[in-house]
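There are 2 protein chains.
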Amino acid sequence: MEKIPYKIYLNETEMPKAWYNVRADMKKKPAPLIHPGTHQPMTAADLAPVFCEELIAQELDNTTPYIEIPEEIREFYKMYRPSPLVRAYCLEEKLQTPAKIYYKFEGNNTSGSHKLNSSIAQAYYAKKQGLKGVTTVTGAGQWGTALSMACSYFGLDCKVYMVKVSYEQKPFRREVMRTYGASVTPSPSMETEIGRKILAAHPGTTGSLGCAISEAVEVATTNEGYRYVLGSVLNQVLLHQSVIGLEAKAALDKYGVKPDMIIGCAGGGSNLGGLIAPFMGEKLRGEADYRIIAVEPASCPSFTRGKYAYDFCDTGMVCPLAKMYTLGCDFIPAPNHAGGLRYHGMSPVLSELYDGGFMEAVSVPQTKVFEAAEQFARVEGILPAPESAHAIRVAIDEALKCKETGEEKTILFGLTGTGYFDLVAYEQFHNGTMEDYIPTDEDLKASLAKLPPVD
Amino acid sequence: MEKIPYKIYLNETEMPKAWYNVRADMKKKPAPLIHPGTHQPMTAADLAPVFCEELIAQELDNTTPYIEIPEEIREFYKMYRPSPLVRAYCLEEKLQTPAKIYYKFEGNNTSGSHKLNSSIAQAYYAKKQGLKGVTTVTGAGQWGTALSMACSYFGLDCKVYMVKVSYEQKPFRREVMRTYGASVTPSPSMETEIGRKILAAHPGTTGSLGCAISEAVEVATTNEGYRYVLGSVLNQVLLHQSVIGLEAKAALDKYGVKPDMIIGCAGGGSNLGGLIAPFMGEKLRGEADYRIIAVEPASCPSFTRGKYAYDFCDTGMVCPLAKMYTLGCDFIPAPNHAGGLRYHGMSPVLSELYDGGFMEAVSVPQTKVFEAAEQFARVEGILPAPESAHAIRVAIDEALKCKETGEEKTILFGLTGTGYFDLVAYEQFHNGTMEDYIPTDEDLKASLAKLPPVD
């Protein structure tokens, strides 16, 4: 048998031509979004003022297993995909583990993460619908960057509302977005009614994601030819991200490799849902079995300490309700450095799969995550994003267990992105000033007590 | 004929097993380094206190065409190489040019540039010689990062002297180096005799590369088991960087493509020398012809406005003299943002080739470079380093000439790295506050007047 190379790249002809919709293979479907006023399932008509038509169809489609990737998107994918599936020989050697470790690396594009896989799809459908532009929110900035790149490619206007504190703390992220022609507005702003209202009530506020969502939705719904788009949680996003798992599986299949476990970090679920999609499909259809592990920060543990219930997707409570593992939409995660994982809820698809026992979840404290990040960077030559390092932490832990037991397990994990914009966090880690923020039971009780009374 | 994919990746088995030493094919060899005191050519014995033995042998070897890449280095190369050779379909489409544009992208590793190709070789030979560690200097930080990564891999101590002003302005670069376990000292420091002397004479100075070199060399020569290493200019560095050109040529050969012109940015010459090596070899042997174009910043135009003469390699005048195109070692380039191109001199190999008429050179102003950078980022999805964007500028200009003439020329250029740490420059560009610094004839006359009296 041919030795497996350090990096497996698919040929262009081997790249996926359709996304895989795991909902089609779920016997128990994820619960529908419901209307915040009527508590009835949201219809396509309800969603039309906010979202693009084709994306609404994908959002509501629980039955079609494969949805063709339009030619234009596949062409764009070729610009930065296939992403490499890397055999972590150097990490294995360093750990002296009999485990075989693979990771799918999504950081080799300027957005620095997997987010581009969905932003390009969303921009494409917006363009196809004849829209002028889209609005969105960004916290850490990866989604905003990815959307800027996609809009630049299709000639769409892109309005990003960036939480004011991030806008000021992360000027570099802002400049990348500007390079791609996006307008980046610190939120709350004087541009919107809700922004002006908030600023009048709380002069000098540094903003929040909830407030930014309210502004972006207002702009999308009050301007002709605009819609609102977002980069995680939604079913459509997980659908687009299935390209990660499909490529990973195709690359492993080429070498006859079957992973024993699949590990990914989980914030809103976009990366994990995409990585595991085709493997989960096999598991749901009873064709194969895999351990599937979601890794979340101990500071924001929606799977491991949250409740499976209907909740608002945003702090501003303007969006539909989703049934998901949640810490309550009032929950304010402590300032850990994995901005992409600081979400109170979780993808409804993953929530249903977790509730159904098809996957596990584990939470890890921030300092342990950065220990793993540094160890990984030193041997694998990639500076991981803090989000991605959550998966690295658990992959290393599992590989060390194999060292104890002597088992030659095959581990696949998702390396979602790079940490070039997270060096303040690395600095804190090096200086020994990084803290682990773990919410108390009382904290969680308080925010969970405010869940809306819906079943 | 098979359609050429967006990205051509060699298989591991197709990766180069030997570096190519272009000096072997040069009829007129580059002039030797000479001793600053005796003005005699530097011997291996002269160089031994400062440099590693095997590297000295490579430095002085003007005759061996191929030098085997040791197995250990080839293994490390597999971690981040082969780098992709990209067909810039999206850029061609945007420019509406009949030209065919290819670029070799070296930015997909944490050092963010091609520098790792040589740092891993230098660290390997230091380790093989039984050294404890190495010292070096860094300005922009790419070389320092690359060396940190290499030293971490081989378990060598790595002491980086970083110009104080950069140390303070670029804390993120410093943190990446610390992630790899390097010690990073702002220069001038109190750790060295020369540092203490400079600080006593100029309290509060923000340092210079010349001063940092003096400190790094002092530490290397006064500590048992240390040597000094550097990332450009030297013959050995160009040798290691030939891996760029060898891979690029192998990838093009696979598809039967022959470039008409090869374009690279030139500061000290490490990237350009590496990229063009095998093509230049064919040209020197009369087997093929290529236009080869060095691109330098208008603010630091050593090829286009300098003199071909012996000069000091460092501002501190502690290093040997090299014959090269130089602006004079006193020349202080204006603060343009391509830190990697702000060097007063040029590789002696490239200088001899330029003097011999085997290549051209052109200089471009900074704002035009950033225009090209932004245009490229928007269609090719990579945020280029300012250094690399010099090559992009000229590649675009040449492609636009083809549009006028209708010629279907094939252009290959080197995309040396990413611009994640250069966003202050992008911000200036977006805000319209970026300036083009072009030295006056008087400026150049003054620094060239101080060339040492050696022929």
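Chains as they are written, first to last, in the numbering used here: chain X, 1 to 455; chain G, 1001 to 1455. Beta carbons are placed, not taken as given, at the ideal position from N, Cα and C, and that holds for glycine. Given the structure is predicted, the values throughout are model-derived calculations rather than measurements.
So, under 8 Å CB-CB, residue i and residue j are touching, yes? Tell me the CB distance rounded to an integer number of Å.
{"i": "X:MET15", "j": "X:GLU247", "result": "7 Å"}
{"i": "X:GLY414", "j": "X:ALA391", "result": "6 Å"}
{"i": "X:ARG173", "j": "X:GLY207", "result": "So it is not a contact: roughly 15 Å between Cβ atoms."}
{"i": "G:ILE1034", "j": "G:MET1042", "result": "6 Å"}
{"i": "X:SER113", "j": "X:ALA385", "result": "7 Å"}
{"i": "G:GLY1381", "j": "X:THR110", "result": "6 Å"}
{"i": "X:THR410", "j": "X:LYS258", "result": "7 Å"}
{"i": "X:ALA31", "j": "X:THR63", "result": "Actually they do not touch by this definition, with Cβ atoms about 16 Å apart."}
{"i": "G:ALA1126", "j": "G:VAL1134", "result": "5 Å"}
{"i": "G:ARG1393", "j": "G:VAL1369", "result": "5 Å"}
Taking buried to mean at least 16 other C-beta atoms within 10 Å of its own C-beta, is residue i buried or exposed?
{"i": "X:ARG285", "result": "exposed"}
{"i": "G:GLY1107", "result": "buried"}
{"i": "G:ASP1422", "result": "buried"}
{"i": "G:ASP1289", "result": "exposed"}
{"i": "G:PRO1171", "result": "exposed"}
{"i": "G:LYS1164", "result": "buried"}
{"i": "X:LYS7", "result": "buried"}
{"i": "G:GLY1356", "result": "exposed"}
{"i": "G:HIS1337", "result": "buried"}
{"i": "G:GLU1071", "result": "exposed"}
{"i": "G:HIS1039", "result": "exposed"}
{"i": "G:ASP1441", "result": "exposed"}
{"i": "G:GLY1130", "result": "exposed"}
{"i": "X:PRO333", "result": "buried"}
{"i": "G:MET1434", "result": "buried"}
{"i": "X:ASP311", "result": "buried"}
{"i": "G:GLU1387", "result": "buried"}
On the DSSP bridge assignment, give the partners of residue i in chain order.
{"i": "G:LEU1412", "result": "G:TYR1102 and G:ILE1262"}
{"i": "X:ALA309", "result": "X:MET324"}
{"i": "G:TRP1019", "result": "G:ILE1067"}
{"i": "G:ASP1157", "result": "G:GLY1133"}
{"i": "X:VAL295", "result": "X:CYS265 and X:VAL362"}
{"i": "X:GLY417", "result": "X:SER113"}
{"i": "G:ILE1008", "result": "G:LEU1085"}
{"i": "G:MET1162", "result": "G:THR1138 and G:PRO1186"}
{"i": "G:ILE1034", "result": "G:PRO1041 and G:LEU1321"}
{"i": "X:ARG227", "result": "X:VAL134"}
{"i": "X:PRO384", "result": "X:THR418"}
CA-CA distance, residue i and residue j?
{"i": "G:GLY1195", "j": "X:LYS401", "result": "49 Å"}
{"i": "X:MET317", "j": "X:VAL454", "result": "14 Å"}
{"i": "G:ASN1271", "j": "G:ARG1342", "result": "14 Å"}
{"i": "X:TYR354", "j": "X:GLU360", "result": "7 Å"}
{"i": "X:MET177", "j": "G:GLU1374", "result": "11 Å"}
{"i": "X:GLY269", "j": "X:ASP314", "result": "15 Å"}
{"i": "X:GLU407", "j": "X:TYR80", "result": "36 Å"}
{"i": "X:PRO188", "j": "G:ALA1266", "result": "45 Å"}
{"i": "G:ILE1263", "j": "G:GLN1058", "result": "26 Å"}
{"i": "G:ALA1377", "j": "X:GLY281", "result": "37 Å"}
{"i": "G:ILE1056", "j": "X:THR97", "result": "38 Å"}
{"i": "X:ALA261", "j": "G:MET1346", "result": "The question names Ala, yet the displayed sequence has Met at residue 261 of chain X. The alpha-carbon atoms of X:MET261 and G:MET1346 are separated by roughly 52 Å."}
{"i": "G:MET1324", "j": "G:ARG1305", "result": "12 Å"}
{"i": "X:ALA294", "j": "X:SER351", "result": "11 Å"}
{"i": "G:GLY1273", "j": "G:LEU1238", "result": "5 Å"}
{"i": "G:VAL1349", "j": "G:LYS1029", "result": "8 Å"}
{"i": "G:LYS1017", "j": "G:ILE1069", "result": "6 Å"}
{"i": "G:GLU1218", "j": "G:LEU1085", "result": "41 Å"}
{"i": "G:ASN1431", "j": "X:SER183", "result": "13 Å"}
{"i": "G:SER1148", "j": "G:ILE1073", "result": "15 Å"}
Spatial neighbours of residue i within its chain, please: CB distance less than 8 Å, with the 5 preceding and 5 following residues excluded, ordered by chain position.
{"i": "X:TYR153", "result": "PHE76, ILE120 and ALA123"}
{"i": "X:ALA99", "result": "GLU92, GLU398, ALA399, CYS402, LYS403, GLU407, GLU408, LYS409, THR410 and ILE411"}
{"i": "X:VAL362", "result": "ILE293, ALA294, VAL295, GLU296, THR304 and VAL394"}
Go through its chain and collect everything with a Cβ distance to residue i's Cβ below 6 Å, but skip five positions before and after it.
{"i": "X:ILE438", "result": "ALA298"}
{"i": "G:TYR1161", "result": "VAL1137, THR1185, SER1187, ALA1212, GLU1215 and ALA1216"}
Excluding five sequence neighbours on each side, which residues of the same chain lie with their C-beta closer than 7 Å to the C-beta of residue i?
{"i": "G:SER1447", "result": "LEU1327, GLY1328, ASP1330 and PHE1331"}
{"i": "G:GLY1339", "result": "GLY1139 and ALA1140"}
{"i": "G:ALA1395", "result": "ILE1101, ILE1263, ILE1411 and PHE1413"}
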